[in-house]
Amino acid sequence: MTTNAVLEVAAASSAEALQRFAASLQYETDCWDVHEAFAQGDPGFILFDVRTIDEYQRGHIDGAIHMMRGKMIASKLNHYPPNTLFVTYCAGPHCNGATKAAIALAKLGRPVKIMLGGVTGWVDQGYELVHS
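Take the sequence shown: its position 30, counted from the start at 1, is 30 in the UniProt record's numbering, and no numbers get skipped.
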């Protein structure tokens, strides 16, 4: 029998896999889904770019709002209804800023997801950035 790193640990049951993968979508989305949501008009969520202001100004997703993690306080979010979904992104898979920002939002009692891939994923998909 062939053995390798993939086969070394048995796969979860189909039921366990379904539960795990379905649950992951409660916490994350991807560049494709965010792009499609914006293409339809009102996406139904607020997209936060959590990189530095310099990075944001050099290029960000059209419709994204710059909001650094340290600035995520209740008073800055009060003008959004309590059930507003926030989606965070940062530079890319090498950056955990989106996760840290999601934690900050969750601590404030806000619904939140991260956008996998960040700016790197966005550009890799062939989507444009805007500059400000």
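Where is the CB? At the ideal position from N, CA and C, for every residue including glycine. As the structure is a prediction and not an experimental result, all values here were calculated from the model.
Does the beta-carbon distance from residue i to residue j come in below 8 Å?
i           : j           : result
residue 47  : residue 73  : no
residue 50  : residue 115 : no
residue 55  : residue 91  : yes
residue 120 : residue 93  : yes
residue 117 : residue 30  : yes
What are the start and end residues of the alpha helix (DSSP H) that includes residue i?
i           : result
residue 50  : Taken as a continuous stretch (DSSP letters only), residue 50 belongs to no alpha helix (DSSP H), as it is neither H nor E.
residue 123 : 118-124
residue 33  : 31-39
residue 25  : Per DSSP, residue 25 belongs to no alpha helix (DSSP H) and is neither H nor E.
So what does DSSP say about residue i, is it helix, strand or coil?
i           : result
residue 99  : helix
residue 171 : Because residue 171 is not part of the residues shown, which for the chain are 1 to 132, the question remains open.
residue 105 : helix
residue 128 : coil
To the nearest angstrom, how far is it from the Cα of residue i to the Cα of residue j?
i           : j           : result
residue 20  : residue 58  : 37 Å
residue 83  : residue 13  : 34 Å
residue 45  : residue 76  : 16 Å
residue 71  : residue 78  : 13 Å
residue 105 : residue 4   : 41 Å
residue 111 : residue 102 : 9 Å
residue 24  : residue 85  : 16 Å
residue 107 : residue 15  : 31 Å
residue 69  : residue 100 : 7 Å
I'd like the span of the beta strand (DSSP E) that includes residue i, first residue to last.
i          : result
residue 87 : 85-89
Which one or two residues does DSSP pair with residue i in a beta bridge?
i          : result
residue 65 : 48
residue 94 : DSSP, once it has assigned bridges, lists no residue as partnering residue 94.
residue 60 : 130
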